[in-house]
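Engineer: Supplied in structure tokens, the structure appears directly below.
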Amino acid sequence: QKEVEQDPGPLSVPEGAIVSLNCTYSNSAFQYFMWYRQYSRKGPELLMYTYSSGNKEDGRFTAQVDKSSKYISLFIRDSQPSDSATYLCAMSAGVNAGGTSYGKLTFGQGTILTVHP
Amino acid sequence: KAGVTQTPRYLIKTRGQQVTLSCSPISGHRSVSWYQQTPGQGLQFLFEYFSETQRNKGNFPGRFSGRQFSNSRSEMNVSTLELGDSALYLCASSFLTDTQYFGPGTRLTVL
């Protein structure tokens, strides 16, 4: 079983829809949670960064972390065709967890999202 | 600030050859992590360097190695290439190691 599970989709929605992307994880040491967006033939771009449980909002994007359920979500409001990309969740135990956590993010498989006009 | 840069962007090699990839981090970032991305396995952690020292290593064979220079630039090397090494190789830099910024990647094709 993978440490981080993410539904690969693909997910296709009409422009203006609310998109919900989710990941579950098994490692209770994870403290830092990120969402990246990756366009075709590009490197991942950091969208949201959250420490521990709670919500964080940035424009049309909202990230939620529920550590008790080991479940994280990314919501995209008023989705646009330019949001079409692969969305990756990533997690880290943080440097305070010790040597095996240094510089290591553990990623989900990525969800392919298409927003059609 | 300029972002993370990686060279070359594309590379074609044959089995048995070796390859060296380069990464220049964001100015002021001292941590560089490397990842391999394939359609089947997704993004997998290779290793991380900080102040010229490898602090962490993923579960890859010894054919994969790296180093970091005093200016924080990093290189990774893959010796005795195999077909399965074909992938997008990504480096990421960080000031605090939990927030990583990725470069565009080097797409390696092994024939």
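Taken in sequence, the protein lines are chains A and B. In this text, residue positions in the first sequence follow this note's numbering: the first is 1, and each later residue adds one. In this text, residue positions in the second sequence follow this note's numbering: the first is 118, and each later residue adds one. The beta-carbon is built from N, C-alpha and C at its ideal position, and this holds for glycine as well.
1. With a Cβ-Cβ cutoff of 8 Å, do K70(A) and S52(A) count as a contact?
2. Which runs of the beta strand (DSSP E), 3 residues or longer, sit entirely within the segment 32 to 92 of chain A?
3. How many whole angstroms separate the CB atoms of Y206(B) and L160(B), which I take to be in contact at a CB cut-off of 8 Å?
4. What are the start and end residues of the beta strand (DSSP E) that includes V19(A)?
5. For P14(A), which residues from the same chain have a beta carbon less than 7 Å from its beta carbon, with the 5 sequence-adjacent residues on both sides left out?
6. Which residues in chain B sit within 8 Å of Q109(A), going by Cβ to Cβ distance?
7. Under 7 Å between beta-carbons, which chain B residues line up against G43(A)? List them in chain order, please.
8. Anyone know if the C-beta pair for A90(A) and Y25(A) falls short of 8 Å?
9. Using beta-carbon positions only, say whether S82(A) and Y32(A) come within less than 8 Å of one another.
10. S150(B) touches chain C at which residues, Cβ-Cβ below 9 Å?
11. List the residues of chain A that R190(B) touches, going by C-beta distances under 7 Å, in chain order.
12. Classify G103(A): buried if its beta carbon has 16 or more other beta carbons within 10 angstroms, exposed otherwise.
13. Report, in whole angstroms, the separation of the C-beta atoms of Q153(B) and G220(B), which I expect to be a contact under 8 Å.
14. Please state if the CB of V65(A) and the CB of I76(A) are separated by a distance shorter than 8 Å.
15. Secondary structure at T155(B), three-state DSSP: helix, strand or coil?
16. Between G94(A) and chain B, is the shortest Cβ-Cβ distance under 8 Å, so that the two count as touching?
17. If I follow the unbroken beta strand (DSSP E) through K102(A), where does it start and stop?
18. Suppose you measure from the CA of T86(A) to the CA of N188(B); what does that come to, to the nearest Å?
19. Name, please, each residue of chain B whose Cβ falls closer than 7 Å to the Cβ of Y87(A).
Structural biologist: Per the coordinate set shown:
1. Locating residue 70(A) in the first sequence gives position 70, counting from the first residue. Locating residue 52(A) in the first sequence gives position 52, counting from the first residue. Not closer than 8 Å, so no.
2. 32 to 38, 45 to 51, 54 to 58, 61 to 66, 71 to 76 and 85 to 92
3. Within the second sequence, numbered from 1, the residue matching residue 206(B) stands at position 89. Within the second sequence, numbered from 1, the residue matching residue 160(B) stands at position 43. Not a contact, Cβ separation roughly 11 Å.
4. Reading the first sequence from its first residue, position 19 is the one you call residue 19(A). Its beta strand (DSSP E) spans residues V19 to Y25.
5. Locating residue 14(A) in the first sequence gives position 14, where the first residue counts as 1. Only H116 meet the Cβ criterion.
6. Taking the first residue of the first sequence as position 1, residue 109(A) is located at position 109. In chain order: G159.
7. Looking up residue 43(A) in the first sequence gives position 43. Near G43(A) (Cβ distances below 7 Å), the residues of chain B are L207, F219, G220, P221 and G222.
8. Taking the first residue of the first sequence as position 1, residue 90(A) is located at position 90. Taking the first residue of the first sequence as position 1, residue 25(A) is located at position 25. Not a contact, by the Cβ cut-off of 8 Å.
9. Position 82 of the first sequence, counted from the start, is the residue given in the question as residue 82(A). Position 32 of the first sequence, counted from the start, is the residue given in the question as residue 32(A). The answer is no: Cβ separation not under 8 Å.
10. Here the protein chains are A and B, and chain C is not one of them.
11. Locating residue 190(B) in the second sequence gives position 73, where the first residue counts as 1. The contacting residues do not exist; R190(B) stays about 16 Å from chain A at best.
12. Counting from 1 along the first sequence, the entry for residue 103(A) is found at position 103. By the neighbour-count rule (16 or more Cβ atoms within 10 Å), G103(A) is buried.
13. Residue mapping note: residue 153(B) aligns to position 36 of the second sequence, counting from 1. Residue mapping note: residue 220(B) aligns to position 103 of the second sequence, counting from 1. About 14 Å; that fails the 8 Å criterion.
14. Within the first sequence, numbered from 1, the residue matching residue 76(A) stands at position 76. Within the first sequence, numbered from 1, the residue matching residue 65(A) stands at position 65. No. Outside cutoff.
15. In the second sequence, the residue the question calls residue 155(B) occupies position 38. In this structure, T155(B) counts as strand in the three-state DSSP scheme.
16. Residue mapping note: residue 94(A) aligns to position 94 of the first sequence, counting from 1. Taking Cβ atoms only, chain B reaches closer than 8 Å to G94(A), which makes this a yes.
17. For the purposes of this step, residue 102(A) is taken as the residue at position 102 of the first sequence. Strictly speaking, residue 102(A) in this sequence is Tyr, with Lys absent from that position. Careful: Y102(A) lies outside any beta strand (DSSP E) and carries neither H nor E.
18. Here residue 86(A) is taken as the residue at index 86 of the first sequence, counted from 1. Here residue 188(B) is taken as the residue at index 71 of the second sequence, counted from 1. Each residue's alpha carbon lies about 33 Å from the other.
19. Translated into positions along the first sequence, residue 87(A) becomes position 87. Neighbours of Y87(A) on chain B: none; closest Cβ ~13 Å, over 7 Å.
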